[in-house]
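To keep things clear, I will list the structure first and then write my remarks on it.
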Amino acid sequence: MLPESSEPWTPLVFAHRGSSRRHAEHTLDAYLLAIEEGADGLECDVRLTRDGHLVCLHDSRIDRTSDGRGRVSTQTLAELDRHDFASWRTDLSGEGLITGRRGGVLTLDQLLGVATDAGRPMRLLIETKHPVRYGGAVESALVQLLRRYGLDRPDPERPLRVTVMSFSANAVKRVHQLAPRLPIVMLIDVWSVPSRIGWLPPGSTIGGPGVQLLRAAPELVERLHRRGCPVYVWTVNEPDEVDLVAKLRVDGIISDRPAYVIDRLRDMGHRS
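Here it is in structure tokens:
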């Protein structure tokens, strides 16, 4: 039985690929809506194009999320930008899909601009995908871009704060070597001895278990907390999932439905 606590608890709510139940994922509209809905932060995946640009895409291919075909890594930014990444989705959620404007691929550079211009403090979680054709060049390009914005280290004077995430321990290590002060999430989706005891690989400062893992091993949150590691959980969309992470008092909730999660937390007394 996990101990109850009377201490105030208000987790951060991150919009997973934007408000992606209402708009196509990784689109400008999805992120603008998430900001409007009051999300504390935004989450994105990044991949490198053939000409070295970081674009916000989850899959290695563009077939699912655009009207085009082919691998991200074999196309230039200009080639990707010819396709429509905004209007491909149909409403399967029952929540009223908002059909977005036709739009090309969203670059990380553009998303950083959107988050910076949010008009309030904002956080951005950036996941580097692996394995990929370009290996460690992804983390190198990412840190270079963050350095250009002055975001490669925490700065209380800046309204935007960045955290990097990955399922790859090697990627975590690379980011830590390139930007030692940058917070890093080690994403966890399998039940392993290290995750069972709350151990994270060197360089990572935050644990990132999937909500299904926490169903099987709720004690993982307490073990990570004992080691001084915050816990960000993905992808929390349903009422019972919100209730679970609330009971476990996680530090960050990553959701396709940020407005819904915020409203449920408010009803539970965890948001003002």
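Heads up: the sequence shown begins at 33 in this note's numbering, then just goes up one per residue. Just so it is clear, CB atoms sit at the ideal spot from N, CA and C, and this is done for glycine as well. Here the structure is a predicted model, which means the values were calculated and not measured.
Would you kindly work out how many angstroms separate the C-alpha atoms of G132 and A56, rounded to a whole number? Translated into positions along the sequence shown, residue 132 becomes position 100. Translated into positions along the sequence shown, residue 56 becomes position 24. For G132, the predicted structure reports a pLDDT of 48, less than 50, and the residue's modelled location is therefore unreliable. The matter cannot be settled from this model.
Reduced DSSP secondary structure (H/G/I, E/B, other) of S198: The residue given as residue 198 occupies position 166 in the sequence shown. Correct three-state label for S198: strand.
Nearest by alpha-carbon distance to A110: which of H90, L138 and G182 is it? Translated into positions along the sequence shown, residue 110 becomes position 78. When each option's Cα is compared against that of A110, the closest is L138.
Do you know offhand how far L232's Cα is from T59's? Residue 232 sits at position 200 when you count from the first residue of the sequence shown. Residue 59 sits at position 27 when you count from the first residue of the sequence shown. Their backbone Cα atoms lie some 32 Å apart in a straight line.
Taking the continuous alpha helix (DSSP H) assigned at A291, which residues delimit it? As a working mapping, residue 291 is identified with position 259 in the sequence shown. Taken as a continuous stretch (DSSP letters only), the alpha helix (DSSP H) holding A291 covers P290 to D299.
Bridge partners of E48, per DSSP? For this step, residue 48 is matched to residue 16 along the sequence shown. In the sequence as displayed, the identity of residue 48 is His instead of Glu. E75.
In this structure, does DSSP put T160 in helix, strand or coil? For the purposes of this step, residue 160 is identified with residue 128 of the sequence shown, where counting begins at 1. Correct three-state label for T160: strand.
I'd like to confirm something about L44: is its beta-carbon nearer than 7 Å to some heavy atom of the ligand HEM, or not? The ligand HEM is absent from the structure shown, which contains no ligands of any kind.
For E251, count the other beta carbons within 10 Å of its own beta carbon; 16 or more makes it buried, fewer makes it exposed. Which is it? Here the question's residue 251 lines up with position 219 in the sequence shown. Burial call: exposed.
Candidates G136, G182, V274 and D187: which alpha carbon is nearest S119's? The residue given as residue 119 occupies position 87 in the sequence shown. Closest by alpha carbon: G136.
Check the C-beta distance from G73 over to R155 and give it rounded, since I have them as a contact under 8 Å. Residue mapping note: residue 73 aligns to position 41 of the sequence shown, counting from 1. Residue mapping note: residue 155 aligns to position 123 of the sequence shown, counting from 1. Indeed they touch by this definition, with Cβ atoms about 3 Å apart.
So what does Y264 bridge to, in DSSP terms? What you label residue 264 is simply residue 232 of the sequence shown in a count that begins at 1. For Y264, which the question treats as bridged, DSSP gives the partners G284.
Nearest candidate by alpha-carbon position, reference E270, set D295, A66, K205 and L256: Locating residue 270 in the sequence shown gives position 238, counting from the first residue. That would be D295, whose Cα lies nearest to the Cα of E270.
Within 10 angstroms of its Cβ, does A150 collect 16 or more other Cβ (buried), or is it exposed? As a first step, residue 150 must be located in the sequence shown, where it is residue number 118. With 16 or more other Cβ atoms within 10 Å, it is buried.
Three-way DSSP call (helix, strand, coil) for G242 in this model: Counting from one through the sequence shown, the residue named residue 242 turns up at place 210. Correct three-state label for G242: strand.
Report yes if the CB atom of G230 is closer than 8 Å to the CB atom of R259, and no otherwise. Here residue 230 refers to the residue found at position 198 when the sequence shown is read from its first residue. Here residue 259 refers to the residue found at position 227 when the sequence shown is read from its first residue. Contact: yes.
Tell me which same chain residues have a C-beta within less than 6 Å of the C-beta of A71, skipping the five on either side of it? Taking the first residue of the sequence shown as position 1, residue 71 is located at position 39. Same-chain partners within the cutoff: V45, A47 and P290.
So the candidates are V277, R93, E273 and P215; which of them puts its Cα closest to the Cα of E254? Mapped onto the sequence shown, residue 254 falls at position 222. For the residues V277, R93, E273 and P215, the minimum Cα distance to E254 belongs to V277.
Given a threshold of 16 other Cβ atoms within 10 Å of its Cβ, counted over all protein chains shown, does T173 qualify as buried or as exposed? Sequence index remark: in the sequence shown, residue 173 carries index 141 (1-based). First, the residue type needs correcting, since residue 173 is Ala and not Thr in the sequence shown. Classification of A173: buried, given that the 10 Å Cβ count is 16 or more.
With 16 other Cβ atoms within 10 Å as the buried cut-off, status of V222: Position 190 of the sequence shown holds residue 222. Per the 10 Å Cβ criterion, exposed.
Taking Q142 as the reference, which of R82, V265 and C88 has the closest Cα? Residue 142 sits at position 110 when you count from the first residue of the sequence shown. The shortest Cα separation from Q142 among R82, V265 and C88 belongs to C88.
Roughly how many angstroms separate the alpha carbons of D99 and W41, rounded to a whole number? The residue labelled residue 99 in the question sits at position 67 within the sequence shown. The residue labelled residue 41 in the question sits at position 9 within the sequence shown. Approximately 43 Å between the Cα atoms of the pair.
Go through the segment 99 to 123 residue by residue and report every complete run of the beta strand (DSSP E) that reaches 3 residues or more, in order. none
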